[in-house]
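Chemist: Numbering-wise (my numbering), the sequence shown opens with residue 103 and increments by one.
Just so it is clear, CB atoms sit at the ideal spot from N, CA and C, and this is done for glycine as well.
For clarity, every value in this text was computed on a predicted model and none was experimentally measured.
Quick one: the structure is below, and I'll ask about it shortly.
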Amino acid sequence: MRIDVVTIFPEYLEPLNISLVGKARARGQLDVHVHDLRDWTYDVHRTVDDSPYGGGPGMVMKPEPWGEALDAVIGKGPAGEVPTLVVPTPSGRPFTQELAQELAGRPWLTFTPARYEGIDRRVIEEAATRMPVVEVSIGDYVLAGGEVAVLVMVEAIARLLPGVLGNAESHRDDSFAPGAMADLLEGPVYTKPAEWRGRTVPDVLLSGNHGRIARWRREQAFARTLANRPDLVARWQYGAFDKKEREA
Ligand SMILES: Nc1ccc2ncsc2c1
């Protein structure tokens with residue numbers, strides 16, 4: 103997979119050089135290019151924003167630099183191919199594991215994290231005439247820009263690429279990953295020592311009885327989901343019901 107990111111804060115994407123994504127890049131599983139939007143400005147102040155038409159607070163990111171940046175990014179990619187444009191925005195569709203899976207299946211993604219009040223709408227509209235565009239939100243809170251959303255999405259997507267996660271098992275027990283625990287949050291985990299500051303590990307985990315352990319883990323996951331994400335319980339119940347129906 104090729105990933106391009108266009109941003110006015112290239113240094114914000116430094117974490118893509120380390121850990122899981124950094125290792126995937128070093129192994130050639132991921133080809134990441136970070137571009138400074140100001141490389142497509144020509145005034146002495148390298149201006150990327152201006153006041154909003156119609157008035158109102160804040161500034162809007164000008165269309166010209168973005169248009170030229172996307173032209174250049176597409177020009178640098180595989181001949182005849184276009185990326186999927188991923189536009190991080192609070193007004194986008196929710197970023198979910200399902201959407202991460204969908205995007206992990208694309209060969210080329212270009213992320214356009216914005217600052218200020220956002221990007222002139224004509225940039226997205228013009229891009230949509232020549233490439234798939236998906237506007238994505240990582241949640242309902244106020245951020246200064248979309249770069250942190252890119253870090254979230256790239257990590258969630260990269261770990262789904264073949265060979266990136268060493269232990270394939272790691273996918274199975276993820277929260278929200280498909281399978282028996284789908285839609286349930288992860289339960290508590292423990293490792294050595296068996297006692298730490300007077301706190302012991304639940305006996306069932308030391309029992310060696312894998313059936314009991316699996317049941318206990320499902321119970322713990324359900325309890326945690328009920329407490330923290332009751333909205334997911336209904337989805338899980340339907341999924342379990344649907345699975346029984348299909349197996350009947
Ligand atoms: N403030 C905010 C919230 C969510 C989000 N997702 C992508 S960019 C963004 C910005």
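Quick one: measure Cβ to Cβ for leucine 253 and proline 117, integer angstroms, because I've assumed they're closer than 8 Å.
Modeler: Between leucine 253 and proline 117 the beta-carbon gap is near 6 Å, inside 8 Å, which marks them as a contact.
Chemist: Any heavy atom of ligand 1 within a distance shorter than 7 Å of the CB on proline 192?
Modeler: yes
Chemist: How would you call aspartate 222, buried or exposed, if buried means at least 16 neighbouring beta carbons within 10 angstroms?
Modeler: The residue in question, aspartate 222, is buried, as its Cβ has 16 or more Cβ neighbours within 10 Å.
Chemist: Candidates Ile120, Asp151, Met103: which alpha carbon is nearest isoleucine 110's?
Modeler: Asp151
Chemist: Identify whether methionine 103 lies in helix, strand or coil by the three-state DSSP scheme.
Modeler: coil
Chemist: Answer yes or no: do glutamine 339 and glycine 289 have a C-beta to C-beta separation smaller than 8 Å?
Modeler: no
Chemist: Within a Cβ cutoff of 7 Å, which residues of the same chain sit near glutamate 219, ignoring the five residues on either side of it in sequence?
Modeler: Pro154, Gly160, Met161, Val162
Chemist: Between the alpha carbons of methionine 103 and serine 239, how many angstroms are there, rounded?
Modeler: If you draw a straight line from the Cα of methionine 103 to the Cα of serine 239, it comes to about 22 Å.
Chemist: Distance check for glycine 157 and leucine 122, CA to CA, integer angstroms please.
Modeler: 44 Å
Chemist: Under 8 Å Cβ to Cβ from serine 309, same chain only, skipping five residues before and after it: list those, please.
Modeler: Once the five neighbours on either side are set aside, the close Cβ partners of serine 309 are Ile315.
Chemist: Is it right to say aspartate 333 is buried, meaning 16 or more other beta carbons lie within 10 angstroms of its own, or is it exposed?
Modeler: Exposed, by the Cβ-count rule.
Chemist: What span of residues does the alpha helix (DSSP H) with glutamate 170 cover, start to end?
Modeler: 165–178
Chemist: Taking only heavy atoms of ligand 1 into account, decide whether any of them is closer than 7 Å to the Cβ of leucine 245.
Modeler: yes
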